[in-house]
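Quick note on numbering: my numbering labels position 216 of the sequence shown as 246, and the sequence is numbered without any gaps.
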Amino acid sequence: MKSALITGITGQDGAYLAKILLERGYQVYGLMARRATPTTWRLQYLGIDNEVELINGDLTDVASLMRAIQLAKPAEVYNLGAQSFVGASWQQAIATAQSTGMGVLHVLEAIRQVNPDIRFYQASSSEMFGKVCEPIQSETTPFYPRSPYGVAKLFGHWMTVNYRESFDLFACSGILFNHESPIRGIEFVTRKVTDAVARIKLGKQKELRLGNIDAKRDWGYAGDYVEAMWLMLQQGKPDDYVVATGRTTTVRDMCRIAFDYVGLNYEDYVVIDPAFYRPAEVEILLGNPAKAQNILGWQAKTTLDALITMMVEADLARVSTEN
Ligand code: NAP
Ligand code: G4F
Numbered sequence: 031m032k033s034a035l036i037t038g039i040t041g042q043d044g045a046y047l048a049k050i051l052l053e054r055g056y057q058v059y060g061l062m063a064r065r066a067t068p069t070t071w072r073l074q075y076l077g078i079d080n081e082v083e084l085i086n087g088d089l090t091d092v093a094s095l096m097r098a099i100q101l102a103k104p105a106e107v108y109n110l111g112a113q114s115f116v117g118a119s120w121q122q123a124i125a126t127a128q129s130t131g132m133g134v135l136h137v138l139e140a141i142r143q144v145n146p147d148i149r150f151y152q153a154s155s156s157e158m159f160g161k162v163c164e165p166i167q168s169e170t171t172p173f174y175p176r177s178p179y180g181v182a183k184l185f186g187h188w189m190t191v192n193y194r195e196s197f198d199l200f201a202c203s204g205i206l207f208n209h210e211s212p213i214r215g216i217e218f219v220t221r222k223v224t225d226a227v228a229r230i231k232l233g234k235q236k237e238l239r240l241g242n243i244d245a246k247r248d249w250g251y252a253g254d255y256v257e258a259m260w261l262m263l264q265q266g267k268p269d270d271y272v273v274a275t276g277r278t279t280t281v282r283d284m285c286r287i288a289f290d291y292v293g294l295n296y297e298d299y300v301v302i303d304p305a306f307y308r309p310a311e312v313e314i315l316l317g318n319p320a321k322a323q324n325i326l327g328w329q330a331k332t333t334l335d336a337l338i339t340m341m342v343e344a345d346l347a348r349v350s351t352e353n
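Structure, rendered in structure tokens:
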């Protein structure tokens, strides 16, 4: 049986990826960082918490990564672990650099030293494009990160490319644009909005405070995007791919879709709060997924309307059963 190791298995993408790998017959191992309170709620939500093997370890501790690889004996390693919230990366720039940036190098070194035949996937990000140098971003667009998170991701991206070119590792970097789901962290704007829509509709919240609602993002569904990660590691040669929908929408219009779904007008509830502005903003992201489509045969299946509907429905169900 083929085995895979996922760092960040307790996160949104880790949980969806674990599910599709289990469906494909993999033995799935996950690196789990020690926390004071349980972090397996997403695996429980997808009904797979008893089907994955969790190994204690941390991306900032290379010895724990070597141990995890020795235990799991994976054919594929997916590095999804990171401090992934852009907003927090200004308050915790060093911690972000250590997990989101140096963590990648730790995984690459552990692979190189324990078993260089392992195939490696790095969760790179459209946040690396930052202050965009081209109106539509592809694999050849220059990078210009705008946050400590973006800078850390760029380090991880180039290390992945460098280890591929230096040591012939099968190392791929997926440059994924924003992707969301009902198990998205509550601090990210889509989930913050869908949770608030459910609470307002059910009389448990009065307003929704947001920052820059003119920012534009290319939003897709996480369940679609993990397929692209797996496909990258099944190819004849390692490469880098942009994964996106090819459509961009303002936060404002995303709010409109979410409030409309429950028959409310977002303008009656959204309050602009400068506390949510960022020191440097990424104003617009719009990806060109042509390479992923042509080589991987991948394309986004879920529209933004369908995604937001799915998230609002899940939050209505969740909020209505809360005490
Ligand atoms: P997420 O929900 O925030 O999950 C992050 C995961 O990383 C969690 O399992 C977290 O563990 C783990 N983690 C954090 N620090 C760690 C450390 N020091 N050692 C080990 N594990 C650690 O993120 P996501 O949305 O699933 O994203 C997955 C990856 O894709 C991340 O690298 C993210 O930066 C990248 N990415 C995401 C998007 C997107 O739109 N979602 C787009 C581009 C790239 P805990 O549960 O214990 O906190
Ligand atoms: O949902 P966000 O926090 O996502 P952001 O910053 O684009 O980062 C996400 O996508 C990246 C890929 O491009 C990933 F690499 C990263 O890990 C993460 O998953 O914010 C989206 C936009 C921003 O422009 C932000 O300023 O929404 C704007 N926004 C406006 N009000 C808000 C808020 N964002 C948040 N989180 N909260 C607000 O109240």
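All C-beta atoms, glycine included, are put in the ideal place defined by N, C-alpha and C.
The structure presented is a predicted model; accordingly, all values stated were derived computationally and were not measured.
Express the C-alpha separation of residue 197 and residue 341 in angstroms, rounding to a whole number.
42 Å
Is there at least one non-hydrogen atom of the ligand NAP closer than 7 Å to the beta-carbon of residue 43?
yes
Per DSSP, which one or two residues make a beta bridge with residue 207?
According to DSSP, which records beta bridges pairwise, residue 207 is partnered with nothing at all.
Span of the alpha helix (DSSP H), counted from its first residue to its last, around residue 316
Residue 316 -> no alpha helix (DSSP H), and no H or E assigned at all.
May I have a chain-ordered list of the alpha helix (DSSP H) segments no shorter than 4 residues that lie completely inside the stretch 50–103?
71–75, 92–102
In three-state DSSP terms, what is residue 130?
helix
Assumed close pair residue 127, residue 96 - CB separation to whole angstroms, cut-off 8 Å
Contact doesn't hold; Cβ gap of about 21 Å is too wide.
Check whether the stretch 264–278 touches the stretch 316–329, taking contact to mean three or more Cβ pairs, one atom from each stretch, closer than 8 Å.
yes
Range covered by the beta strand (DSSP E) that runs through residue 301:
300–302
Are the beta-carbon atoms belonging to residue 314 and residue 181 less than 8 Å from one another?
no
So, under 8 Å CB-CB, residue 245 and residue 312 are touching, yes? Tell me the CB distance rounded to an integer number of Å.
7 Å
Nearest neighbour of residue 152, chosen from 202, 220, 295 [CA to CA]
202
Does DSSP put residue 270 in a helix, in a strand, or in coil?
strand
Spatially closest choice to residue 343 from 233, 234, 324, 229, by CA coordinates:
229
To the nearest angstrom, report how far apart residue 307 and residue 174 are at their CA atoms.
19 Å
Within the structure, which residues are defined as neighbours of the ligand G4F by a Cβ-heavy atom distance below 5 Å, reported in chain order?
114, 116, 155, 156, 157, 208, 218, 219, 240, 241, 242, 245, 281, 306
Quick check: the Cα distance between residue 352 and residue 345, rounded to an integer number of angstroms?
11 Å
Within the continuous alpha helix (DSSP H) that includes residue 195, where are the two ends?
178–197
So within the stretch 105–175, which uninterrupted alpha helix (DSSP H) runs reach at least 4 residues, ignoring any that extend past its ends?
123–126, 133–144
Identify every residue that forms a DSSP beta bridge with residue 258.
Answer is none; residue 258 lacks a bridge partner.
I'd like to check one pair, residue 284 with residue 223: are the Cβ atoms closer than 8 Å?
yes
Any non-hydrogen atom of the ligand NAP closer than 7 Å to residue 51 Cβ
no
Proximity winner among 48, 64, 68, 56, relative to residue 354 (alpha-carbon distances)
Look at the range of the chain in this structure, 31 to 353, and you will see that residue 354 is not part of it.
Would a C-beta distance cut-off of 8 Å place residue 247 and residue 279 closer than the cut-off?
yes
For residue 84, collect the residues of the same chain with a Cβ closer than 6 Å to its Cβ; drop the 5 residues on either side in sequence, then sort them by chain order.
60, 62
Across which residues does DSSP place residue 239 in a beta bridge pair?
301
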